[in-house]
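Here is the structure we will look at, set down as C-alpha cells.
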Amino acid sequence: MRSGIAKKISNAVALATLGFLWMPLVVVVAFSFEPEMAAVHLTGFTLDWYGKVLEGGGMLNALFKSLELGLTSALIGTLFGAFLAVGLHKYRGRGFAVLALIVYLPIVMPDVIYGISQMVFFNYLKQFIGWPNAGLLTMGIAHISFQIPYVALIVYARLVGLDRDLVNAAADLYASPLKSIYAFWIPVLRPALIASFLLAFTLSLDDFVISFFTSGPGSVTLPIYIWGSIAKHGVTPETNAIASLLIGAVLLVALIQTYLSARRVGHLAPTSN
Amino acid sequence: MIRLNGSSYTQALRLTATIGPGVAWITVFLFLPSVLMGLLAFLTNGAYGQPVMPLTTDAFKQVAGFNFLGWSPGNLQVIGRSLLQAGYTTIATILLAYPVAFFIAGVRERYRAFLLLLVIIPSWTNQVVRTYAWMQLLAPDTPLSDLAVHLGLIPQHLGLYPSNYAVSMGLIYNYLPYMVLPIYASVEKLDWRLVDATRDLYANSWRVFWHGVFPQTIPGLLAGIILVAIPAFGAYIVPQLLGGDKAMMLGNLIASQFSSLPNWPFGAALTLVMLAFTFIGLAVFRRLSRKLNAGEANLL
Numbered sequence: 002m003r004s005g006i007a008k009k010i011s012n013a014v015a016l017a018t019l020g021f022l023w024m025p026l027v028v029v030v031a032f033s034f035e036p037e038m039a040a041v042h043l044t045g046f047t048l049d050w051y052g053k054v055l056e057g058g059g060m061l062n063a064l065f066k067s068l069e070l071g072l073t074s075a076l077i078g079t080l081f082g083a084f085l086a087v088g089l090h091k092y093r094g095r096g097f098a099v100l101a102l103i104v105y106l107p108i109v110m111p112d113v114i115y116g117i118s119q120m121v122f123f124n125y126l127k128q129f130i131g132w133p134n135a136g137l138l139t140m141g142i143a144h145i146s147f148q149i150p151y152v153a154l155i156v157y158a159r160l161v162g163l164d165r166d167l168v169n170a171a172a173d174l175y176a177s178p179l180k181s182i183y184a185f186w187i188p189v190l191r192p193a194l195i196a197s198f199l200l201a202f203t204l205s206l207d208d209f210v211i212s213f214f215t216s217g218p219g220s221v222t223l224p225i226y227i228w229g230s231i232a233k234h235g236v237t238p239e240t241n242a243i244a245s246l247l248i249g250a251v252l253l254v255a256l257i258q259t260y261l262s263a264r265r266v267g268h269l270a271p272t273s274n
Numbered sequence: 104m105i106r107l108n109g110s111s112y113t114q115a116l117r118l119t120a121t122i123g124p125g126v127a128w129i130t131v132f133l134f135l136p137s138v139l140m141g142l143l144a145f146l147t148n149g150a151y152g153q154p155v156m157p158l159t160t161d162a163f164k165q166v167a168g169f170n171f172l173g174w175s176p177g178n179l180q181v182i183g184r185s186l187l188q189a190g191y192t193t194i195a196t197i198l199l200a201y202p203v204a205f206f207i208a209g210v211r212e213r214y215r216a217f218l219l220l221l222v223i224i225p226s227w228t229n230q231v232v233r234t235y236a237w238m239q240l241l242a243p244d245t246p247l248s249d250l251a252v253h254l255g256l257i258p259q260h261l262g263l264y265p266s267n268y269a270v271s272m273g274l275i276y277n278y279l280p281y282m283v284l285p286i287y288a289s290v291e292k293l294d295w296r297l298v299d300a301t302r303d304l305y306a307n308s309w310r311v312f313w314h315g316v317f318p319q320t321i322p323g324l325l326a327g328i329i330l331v332a333i334p335a336f337g338a339y340i341v342p343q344l345l346g347g348d349k350a351m352m353l354g355n356l357i358a359s360q361f362s363s364l365p366n367w368p369f370g371a372a373l374t375l376v377m378l379a380f381t382f383i384g385l386a387v388f389r390r391l392s393r394k395l396n397a398g399e400a401n402l403l
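Protein chains in written order, with our numbering: chain A, 2 to 274; chain B, 104 to 403.
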C-alpha cells in the first residue's frame, strides 16, 4: 500500500473526498453573494441578502432563542451530569449497570424516536396536569435529558483518572458537603466541567430533530428557523446568507480553538495529573 | 472498599443526593416517555388519530401492510429502504474513509491536525444547513444532475433531487466524518513492524493490506460502523429534505403519523420496529467486537 499505483489511487480518492466534504459549504457561501433569485450559475456579486437577513430580525431572534436554550440547558445538564458521575464513581458495583443503561440509551436511540416520544409525553402531561406548555421549557427539558449522559461520561472519565485516596481524603476530613464541593470537587473537576458544559451547549445548538418535535409557538431556534424558511421559500439566496453566517461562526470558533490549543502546547509543560 | 466513617444511612443519603437528581430526571423525562410509546402501540386508533381503548395488535398488523383495504407492501418497502440506505451509507463511508485516514496519517505530523480539522469542520455545521446545501447541488441543470442525465440515471431536464440518489448522497456526506475519525485513530497507532513483517514474507500489496494493515484497524472500523449505520437508519432530516414520497424512510413515516393525518398507535408501533432493528444491530455488533477482541469498539 505504501508504494506504487495503489497509493496514488488511494491519495487521489482521499483528496477528492476532502473536496467532497467542502464543496457544499463553498457552494452555499458562493451563492449567498448571488444577486439573482434561483440562479444555477453565478452571475454577479451583492451583499444585499446579508442586509435583508440582519434587518429582518427573525434570524437574530432565533439566534437569541438558541443561545438562551443552549446556555440554560447546558448549565443544568452539566450540574446533574456531574453529580451523577461523582455518585456512580463512588458507589461502583450495582450502580455501574445503571450508568451503562442511562448513558447509552439517549446516545443510541434514533433522535426521531427521542423527539417524538418526548412530544407525546408532554402532550399527555399537559392534558392531565396542565403543565408544561410546549415551547422553550419543553425543549429545555428534552435537551437536558440528552446532555446529562454526555456530561456524566466526560466527568466520569476524569474521576477514573484521579487518585482514589485523594477522593476519599476529601470525604474523611469532615468538610460540610457545600465546603467539599467548593474546595475540592470544583477545582479538581474544572477542566472536565468546562469541557462538559461546552459539549452540552454545542449539542443543544446543533440539535434540530429533538427541538423540532418538542418546540411550540414562539420557540423558534436557529435550525428551526432555517428549516421553516426552506419549507416556505425553498432554496433562496437569503437562506444561503444565513447558512453562510453559521459556517463563518463555526470557522471562527475552530480557528480560536486551534490558536488556543497551539498556545497551550507552546508555553505550558504537559500537565502532571 | 472499606469505609471508616459514616453509617450506611449517611451513605444512602449521599448516594441519593448525588445520583438522585440525574437519575430521577432521566427516569421521568426519558424512560417514562419511552414506556408510554411502547404502550401506545397496543391501543386502538381513534376517530381523530388519538389512541383509545381497547388494547389490540392492529397497529402491528398495519406495519406488516394489512389495513381495511387488504394488504399492501408500502410500509415494508419503507423499512427495507431504510435498511438498504443505511447499508449503502456504511459501505460508501468505509470505502472513502480508509484512503482519507491513510492520507492524513501519512503526511508530516504538523499538517495532520490541519487535515483533521478539514474533516471535522464540515460536521460542526448544522445538519439542516449541510443537507440544504445538497438541494442546490442536485437541482436540475447543475453539473451533477447533467452528469446523471448523461449516465441515463434520470430523465432529461430533471434534477437529481428529490430522489433516492439524493438521499444516499446526503447520508454519505453527513456521516462520513464519523467514519473517518475512528478509522484514523486506529491507523495512526498502526504497528508498522507487523506490516513490514508481511512484506518480508513477500506478500503483494493487497495481501500486505489485508493481513498486515486491515486487522489492526478493526476496532476503529467497528466503532465507525456503529456511529454511521444507526443514525443513517434513523435519519429524518436528509430524507425529508432530499427525498420525495418515493424515497421516504422510516423516520419520516413515523413522524408523519404524529403530524399530518395522525395515527399515534401506528406511529408508536413503527417506533418499536425501529428500536428493535437498532438494538438487534447493536447486539450483533457487541458479539462481533468481542469475538474480534476489538476492545475500543465496545460501545455497549
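Quick reminder that beta carbons are idealized off the backbone N, C-alpha and C, glycines included.
Please read these numbers as outputs of a predicted model, since none were measured by experiment.
- The shortest C-alpha to C-alpha distance from Asp-208 of chain A to any of A:Val-189, A:Ile-225, A:Ser-197 is the one to A:Ile-225.
- Three or more Cβ pairs drawn from the segment 205-224 of chain A and the segment 227-247 of chain B lie within less than 8 Å of each other, which places the two stretches in contact.
- Judged by their CB atoms, Ile-211 of chain A and Leu-26 of chain A are not nearer to each other than the 7 Å cut-off.
- Between the alpha carbons of Val-331 of chain B and Asn-355 of chain B lies a distance of about 18 Å.
- For Ser-205 of chain A, no CB of chain B lies under 7 Å from its own CB, so it is not counted at the interface with that chain.
- Close CB contacts of Arg-215 of chain B within its chain, under the 7 Å cut and outside five residues either way in sequence, are with Ile-207 (chain order).
- Shown here, Phe-169 of chain B sits in a strand according to DSSP, grouped into three states.
- Using a C-beta cut-off of 8 Å, the segment 76-93 of chain A makes contact with the segment 109-128 of chain B, since at least three inter-stretch Cβ pairs fall below that distance.
- The CB of Asn-12 of chain A comes closer than 9 Å to the CB of Pro-202, Phe-205, Phe-206, Gly-209 in chain B, given here in chain order.
- A Cβ-Cβ contact shorter than 7 Å links Ile-155 of chain A with Ser-197 of chain A.
- Using a 10 angstroms sphere on the CB of Trp-228 of chain A, the tally of other CB atoms reaches 16 or more, which defines it as buried.
- Of B:Ala-358, B:Ile-194, B:Gln-239, B:Ala-204, the smallest CA-CA separation from Lys-8 of chain A is found for B:Ala-204.
- Taking a contact as a CB-CB distance under 8 Å, the pair Pro-280 of chain B and Ile-223 of chain B counts as one, their CB atoms being some 6 Å apart.
- Under the three-state reduction of DSSP, Asn-178 of chain B is assigned to helix.
- With fewer than three CB-CB distances shorter than 8 Å, the segment 128-135 of chain A does not count as touching the segment 229-236 of chain A.
- Spanning the alpha carbons of Ile-194 of chain B and Glu-291 of chain B requires a straight line of approximately 21 Å.
- Cβ-Cβ separation between Leu-250 of chain B and Ile-257 of chain B: approximately 10 Å, too far for a contact (criterion under 8 Å).
- Taking Leu-240 of chain B as reference, the option from A:Gln-258, A:Asn-241, A:Thr-73 with the minimal CA-CA separation is A:Asn-241.
- Just measuring C-alpha positions, the residue of B:Pro-365, B:Pro-225, B:Leu-395 sitting nearest Tyr-278 of chain B is B:Pro-225.
- Residues of the segment 127-142 of chain B whose Cβ lies closer than 7 Å to any Cβ of chain A, in chain order: Trp-128, Ile-129, Phe-132, Leu-133, Leu-135, Pro-136, Ser-137, Leu-139, Met-140.
- When C-beta atoms of the segment 298-318 of chain B are compared with those of the segment 353-370 of chain B, fewer than three pairs fall below 8 Å, so the two segments do not count as touching.
- Contact check for Val-152 of chain A and Ala-98 of chain A: beta-carbon distance about 19 Å, past the 8 Å limit, so the pair fails to qualify.
- One alpha carbon belongs to Arg-211 of chain B, the other to Gly-52 of chain A, and they sit about 43 Å apart.
- Along the segment 211-225 of chain B, the positions whose C-beta sits under 7 Å from a C-beta of chain A are Leu-220, Leu-221, Val-222, Ile-224, Pro-225, read in chain order.
- Look at Gly-88 of chain A: its C-beta is under 7 Å from a C-beta on chain B.
- Within chain A, no C-beta atom comes less than 8 Å from the C-beta of Thr-160 of chain B; the nearest is roughly 20 Å away.
- Under the 7 Å criterion on CB atoms, Tyr-287 of chain B is classed as non-interfacial with respect to chain A.
- Assigned with DSSP and collapsed to three states, Pro-342 of chain B falls in helix.
- If you draw a straight line from the Cα of Gly-347 of chain B to the Cα of His-144 of chain A, it comes to about 30 Å.
- Under DSSP, Pro-154 of chain B takes part in a beta bridge, and its partners are B:Asn-148.
- By the neighbour-count definition (other C-beta atoms within 10 Å, threshold 16), Thr-160 of chain B is an exposed residue.
- For the segment 238-324 of chain B, the full-length alpha helix (DSSP H) segments reaching 4 residues or more read 246-253, 267-291, 295-303 along the chain.
- Residue state for Arg-211 of chain B is assigned as coil, using DSSP reduced to three classes.
- By alpha-carbon distance to Pro-136 of chain B, the top candidate from A:Thr-237, A:Ile-114, A:Pro-192 is A:Ile-114.
- The C-beta of Gln-128 of chain A comes no closer than 7 Å to any C-beta of chain B.
- Among the residues of the segment 14-46 of chain A, those with a Cβ less than 8 Å away from any Cβ of chain B are Val-14, Ala-15, Leu-16, Thr-18, Leu-19, Phe-21, Leu-22, Trp-23, Met-24, Pro-25, Leu-26, Val-28, Val-29, Phe-32, Val-41, in the order of the chain.
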